[in-house]
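Engineer: Read top to bottom, the protein sequences are chains A and B. Counting along the first sequence from 1, when you hit position 52 you're at 52 in my numbering, and nothing is skipped either side. Just remember that my numbering sits 1000 ahead of the position in the second sequence, which is counted from 1.
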Amino acid sequence: AQSVTQLGSHVSVSEGALVLLRCNYSSSVPPYLFWYVQYPNQGLQLLLKYTTGATLVKGINGFEAEFKKSETSFHLTKPSAHMSDAAEYFCAVSDWAGNQFYFGTGTSLTVIP
Amino acid sequence: NAGVTQTPKFQVLKTGQSMTLQCAQDMNHEYMSWYRQDPGMGLRLIHYSVGAGITDQGEVPNGYNVSRSTTEDFPLRLLSAAPSQTSVYFCASSYSPSLNQETQYFGPGTRLLVL
């Protein structure tokens, strides 16, 4: 079965500092990996996804993630945090057929001015 | 396009009552799904549909029924609500069932409180 683990349910960074949100996956087949963002009282929005090809994936709002098969990781980064980045972030993996998503438990990002 | 819409936004039920959460999309998407979001649990898939007339169970289907009579609508039914079903429910849709290639679009959610 597919699963993802997000380390750290809450992360705080200063405005302008590096953002690093961790995600490790468990998959018996090559995974498809995703990061979603949820702003307060809203639905989820896709930030980026890895399917095949380049292991460094760039997404919206300056975020990027690197697929590392040897470490079974797909960490999300942003060089410089902005106040508007404060939100909940979810890592997800899909099954081999792409019909079902398995979400992590989420990481709440706080940006300190 | 309105995207994915959900009604109601908030609902309070008593244990044992039934209700239907509505979900509609106007993007002609084949794939639709329902998730529940609980604190510390992330989102968990309840049911999904790969097209009109076709539905399947996700991770946590017990206590919920779905049907897909049209491409646009995917209602979620609680036949006998229980306090354990207190949650935030999200509907999502995608152009094709292959979520690896297509983007899922999420609705704004329905907050359900079962007393």
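Beta carbons: idealized from backbone N, C-alpha and C, even for Gly.
Can you say whether residue 1054 of chain B is buried or exposed, counting buried as having 16 or more other CB atoms within 10 angstroms of its CB?
Structural biologist: Classification of residue 1054 of chain B: exposed, given that the 10 Å Cβ count is below 16.
Engineer: Could you tell me which residues DSSP puts in a beta bridge with residue 48 of chain A?
Structural biologist: A:35.
Engineer: Go ahead and label residue 89 of chain A buried or exposed: buried means 16 or more other beta carbons lie within 10 angstroms of its beta carbon, across all protein chains shown.
Structural biologist: So residue 89 of chain A ends up on the buried side.
Engineer: Using 7 angstroms as the cut-off, classify the Cβ of residue 99 of chain A as near or not near the heavy atoms of the ligand ATP, replying yes or no.
Structural biologist: With respect to the ligand ATP, the structure shown offers nothing to examine, as it has no ligands at all.
Engineer: With C-beta atoms as the reference, is residue 1006 of chain B less than 8 angstroms away from residue 1103 of chain B?
Structural biologist: No, Cβ-Cβ distance for residue 1006 of chain B and residue 1103 of chain B is not below 8 angstroms.
Engineer: Quick one: residues in its chain with C-beta nearer than 7 angstroms to the C-beta of residue 113 of chain A, no 5 flanking neighbours on either side, listed in chain order?
Structural biologist: Contacts found: 15, 83.
Engineer: So the beta strand (DSSP E) residue 88 of chain A belongs to, where does it begin and stop?
Structural biologist: First-last of the beta strand (DSSP E) with residue 88 of chain A: 87-94.
Engineer: Would you please verify whether the beta carbon of residue 47 of chain A is less than 8 angstroms from any beta carbon of chain B?
Structural biologist: Output row for residue 47 of chain A: interface = no.
Engineer: Give the residues of chain B in contact with residue 63 of chain A, contact being defined as C-beta atoms less than 9 angstroms apart.
Structural biologist: Per Cβ cutoff of 9 angstroms: no residues; residue 63 of chain A is ~15 angstroms from chain B at best.
Engineer: Can you pull the chain B neighbours of residue 105 of chain A, defined as C-beta to C-beta under 8 angstroms?
Structural biologist: The answer, in chain order, is 1040, 1041, 1042.
Engineer: Do residue 98 of chain A and residue 1108 of chain B come within 8 angstroms of each other at the CB atom, strictly closer than that value?
Structural biologist: No, they are not a contact pair.
Engineer: Does the distance from the CB of residue 1028 of chain B to the CB of residue 1071 of chain B come in under 8 angstroms?
Structural biologist: It is a contact, given that the beta carbons lie within the stated cut-off.
Engineer: What span of residues does the beta strand (DSSP E) with residue 1024 of chain B cover, start to end?
Structural biologist: Residue 1024 of chain B -> beta strand (DSSP E) spans 1019-1025.
Engineer: According to the neighbour-count rule (16 or more other Cβ atoms, all chains shown, within 10 Å of its Cβ), is residue 39 of chain A buried or exposed?
Structural biologist: Classification of residue 39 of chain A: exposed, given that the 10 Å Cβ count is below 16.
Engineer: Run down chain A in chain order and give the residues with a C-beta less than 8 angstroms from the C-beta of residue 1071 of chain B.
Structural biologist: Per Cβ cutoff of 8 angstroms: no residues; residue 1071 of chain B is ~17 angstroms from chain A at best.
Engineer: Which first and last residues belong to the beta strand (DSSP E) in which residue 1102 of chain B is found?
Structural biologist: No beta strand (DSSP E) holds residue 1102 of chain B; DSSP gives it neither H nor E.
Engineer: Around the C-beta of residue 1083 of chain B, are 16 or more other C-beta atoms found within 10 angstroms, so that it is buried, or is it exposed?
Structural biologist: That one is exposed.
Engineer: Within the chosen definition, does the region 67-79 of chain A reach the region 1005-1019 of chain B through at least 3 CB pairs nearer than 8 angstroms?
Structural biologist: Segments in contact, no.
Engineer: Secondary structure at residue 80 of chain A, three-state DSSP: helix, strand or coil?
Structural biologist: In the structure shown, residue 80 of chain A sits in coil (DSSP, three-state: anything other than H, G, I, E or B).
Engineer: May I ask which residues mark the beginning and end of the beta strand (DSSP E) holding residue 1048 of chain B?
Structural biologist: Segment 1042-1051, the beta strand (DSSP E) holding residue 1048 of chain B.
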